[in-house]
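S.K.: My questions all concern the structure below.
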Ligand code: ING
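In UniProt numbering, the protein residues as written are 2 to 303.
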């Protein structure tokens, strides 16, 4: 069977003024642990190099730019690529991307997929940006629409690690379209990271159900598209804000087969059989045989 041994590397809080060097050393520690478990691949969270800075209305452009990477790998992240290539382990990494195009700064909430030789084989830019572009009158902001553009790369998949892998980021996981677009391309494993704060002022009922909703959307995405889903949290009390944990590895059956039990840096490992989705695609979710797209137009028209 085609298997990938996956390490899901949950991160605890990253402080606003933690340096890249401090954070990269935590990522390296988790990578070494994953290598000890013979992982082929280690998945890191969304914005894995910095604190979740869209929680503040940052006005100073230089300070805002300090949270973004202008090159990948850059001097601070190159040790991660070198260690990965040395150990023959691939990784997915979420980070804030700053590119200058035609003299204009463009900002994305991005992730990359790096193979066992340290080569970037895929890049994704977050499509579904939650929250607001204007500062709200509440304790915690969610200003991703202010600090990132909508991703312009679609939902691609890549042949890597012996299978077909895709990526998405955080809020993307709540939208069925995300998984379906990758499912229509035959995705066998979706790697996603999230920074999901609770207590920003939502009604208590919503906060209390956030852990349930977090797993609900990933389990249904996995089952309905016969794919593995690896959901990796930036967890814990980060700069005074509660970020949910529950990092997990979900099989194409929709079952959670591994889950973190802490709110800090924690690695979970699972040998994933990429052929496990085959029976679902052959029968219940045989897209070509069962789907009726003539009735789905509203999904792309509204
Ligand atoms: N964060 C959150 C997400 O998981 C959120 C925003 C939190 C939405 C809690 C609903 C409930 O979608 C990011 N970064 O998308």
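Virtual Cβ for every residue (Gly too), placed ideally from N, Cα, C.
Helix, strand or coil, according to DSSP, for residue 26 in the structure here?
M.R.: Start at 1 with the first residue of the chain shown, and residue 26 comes out as number 25. Residue state, collapsed to three classes: helix.
S.K.: Have a look at residue 186 and residue 228 and give me their C-alpha separation to the nearest angstrom.
M.R.: One-based indexing of the chain shown puts residue 186 at position 185. One-based indexing of the chain shown puts residue 228 at position 227. Their Cα atoms are separated by approximately 11 Å.
S.K.: Pull up the distance between the alpha-carbon of residue 238 and that of residue 181, whole angstroms please.
M.R.: In the chain shown, counting from the first residue as 1, residue 238 sits at position 237. In the chain shown, counting from the first residue as 1, residue 181 sits at position 180. Rounded to whole angstroms, residue 238 to residue 181 spans 33 Å at the Cα level.
S.K.: Quick one: using the 10 Å Cβ neighbour count with 16 as the cut-off for buried, is residue 289 buried or exposed?
M.R.: The residue labelled residue 289 in the question sits at position 288 within the chain shown. Exposed, since its Cβ has fewer than 16 Cβ neighbours within 10 Å.
S.K.: Within the 8 Å Cβ cut-off, does residue 48 reach chain C?
M.R.: Among the chains of the structure shown, chain C does not appear; only one protein chain is present.
S.K.: Could you check whether the stretch 233–250 touches the stretch 103–111, counting it as contact only if at least three pairs of C-beta atoms, one from each stretch, sit closer than 8 Å?
M.R.: no
S.K.: State yes or no: is the C-beta of residue 47 within less than 8 Å of the C-beta of residue 170?
M.R.: By one-based count along the chain shown, residue 47 stands at place 46. By one-based count along the chain shown, residue 170 stands at place 169. Yes, the Cβ-Cβ distance between residue 47 and residue 170 is below 8 Å.
S.K.: Does DSSP put residue 262 in a helix, a strand or coil?
M.R.: As a first step, residue 262 must be located in the chain shown, where it is residue number 261. In the structure shown, residue 262 sits in coil (DSSP, three-state: anything other than H, G, I, E or B).
S.K.: Okay, do the stretch 143–160 and the stretch 114–128 touch, 3+ Cβ pairs below 8 Å being the bar?
M.R.: yes
S.K.: List, from N- to C-terminal side, the beta strand (DSSP E) runs of 3 residues or more that fit wholly inside the stretch 128–203.
M.R.: 158–161, 164–170, 190–195, all fully within the stretch 128–203.
S.K.: Excluding five sequence neighbours on each side, which residues of the same chain lie with their C-beta closer than 6 Å to the C-beta of residue 260?
M.R.: Position 259 of the chain shown, counted from the first residue, corresponds to residue 260. Around residue 260: 249.
S.K.: What span of residues does the beta strand (DSSP E) with residue 242 cover, start to end?
M.R.: For the purposes of this step, residue 242 is taken as the residue at position 241 of the chain shown. From DSSP, the beta strand (DSSP E) with residue 242 extends over 242–244.
S.K.: Please state whether DSSP places residue 66 in a helix, a strand or coil.
M.R.: Reading the chain shown from its first residue, position 65 is the one you call residue 66. Correct three-state label for residue 66: helix.
S.K.: State the start and end residues of the unbroken alpha helix (DSSP H) segment that holds residue 208.
M.R.: Numbered from its first residue, the chain shown carries residue 208 at position 207. Segment 205–225, the alpha helix (DSSP H) holding residue 208.
S.K.: Any heavy atom of the ligand ING within a distance shorter than 7 Å of the CB on residue 195?
M.R.: Start at 1 with the first residue of the chain shown, and residue 195 comes out as number 194. The answer is yes for residue 195.
S.K.: Is residue 91 helix, strand or coil by DSSP?
M.R.: Locating residue 91 in the chain shown gives position 90, counting from the first residue. Reduced to three states, the DSSP call for residue 91 is strand.
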